[in-house]
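Here's the structure, in structure tokens; my notes come after.
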Amino acid sequence: MQLGNILKADAVKSIASCTSKKRLFHDLGELAEASYDLNASDVIEALLKREDLGPTGVGQGIALPHARMPEAKDVVGLFLRLEKPLDFDAVDRQPVDLVFALIAPEDAGVDHLKALALVSRTLRDQAVCTKLRANSETNTLHAILTELEASQAA
């Protein structure tokens, strides 16, 4: 599994300002609808329900919200870069500015976990995060997220 297989270029966005976690999930829902033809309201509800189980802010300014939905056909990714970091109840209590969300089918099983591990590994790379934070152009953000695996495959 590679990020390029689950993250479309049009599912990447840079946002100047976001006022709350709920608003962030709203933005993710709209992006999921536009990029993957998933119902925005259903995506928002699924992400909020998962977040109620415990915050998905993993620390160092990174959040990995994820949910399973019956409507999802494949594991798909959404990436938001926030120009103004947002309080996200992260484990280290630091605000979040890099958000990679995953939406998976109800029966995704291992694929959902593999995707989550892949995203987590990618965003643990400080060089990747530094590049993401230094750029706001969506095509560049997508390239940064997918270039590491492309160069490893070559």
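If you number the sequence shown the way my numbering does, the last residue is 398 and the count never jumps. Heads up, the beta-carbon is just placed ideally off N, CA and C, and yes, glycines get one too.
Tell me which residues share the same chain as residue i and place their Cβ nearer than 8 Å to its Cβ, disregarding the 5 neighbours each side in the sequence.
| i | result |
| --- | --- |
| L385 | V256, S258, F323, R325, L376, N379 |
| V363 | L247, L308, G321, F344, L346 |
| P314 | P349, E350 |
| D271 | K257, I259, C262, L324 |
| E277 | N283, A284, V287 |
| N249 | none |
Let me know the secondary structure DSSP gives residue i once reduced to three states.
| i | result |
| --- | --- |
| R365 | helix |
| F344 | strand |
| K252 | coil |
| A398 | At A398, the pLDDT of 39 sits below 50, so the modelled position is not reliable and the matter cannot be decided from this model. |
Using alpha carbons as the reference points, say which of the options lies closest to residue i.
| i | options | result |
| --- | --- | --- |
| P309 | L297, E381, R368 | L297 |
| R267 | D318, D331, R368 | D331 |
| D341 | A387, R368, D355, K328 | K328 |
| R337 | Q370, G303, A276 | G303 |
| R294 | S279, K265, G305 | K265 |
Starting from the C-beta of residue i, find all residues in its chain whose C-beta is less than 7 Å away, skip the five residues before and the five after it, and write them out in chain order.
| i | result |
| --- | --- |
| T366 | L247, V372, L389, L392 |
| N383 | A253 |
| E381 | none |
| A352 | R312, V319 |
| G301 | A307, F332, D333, A334, V335, V340 |
Enumerate in chain order the residues of its own chain whose CB-to-CB distance from residue i is below 6 Å, with the five nearest sequence positions on each side excluded.
| i | result |
| --- | --- |
| G273 | A284, V287, I288 |
| K358 | M245 |
| P299 | D333 |
| P339 | P329, L330, D331 |
| D355 | V319 |
| Y280 | V320 |
So residue i packs on residue j, CB below 8 Å; how close in whole Å?
| i | j | result |
| --- | --- | --- |
| F269 | L291 | 5 Å |
| A316 | L282 | 6 Å |
Problem set entry | Contiguous alpha helix (DSSP H) assignments of at least 4 residues, all confined to the region 248–334 | 265–280, 284–297, all fully within the region 248–334.
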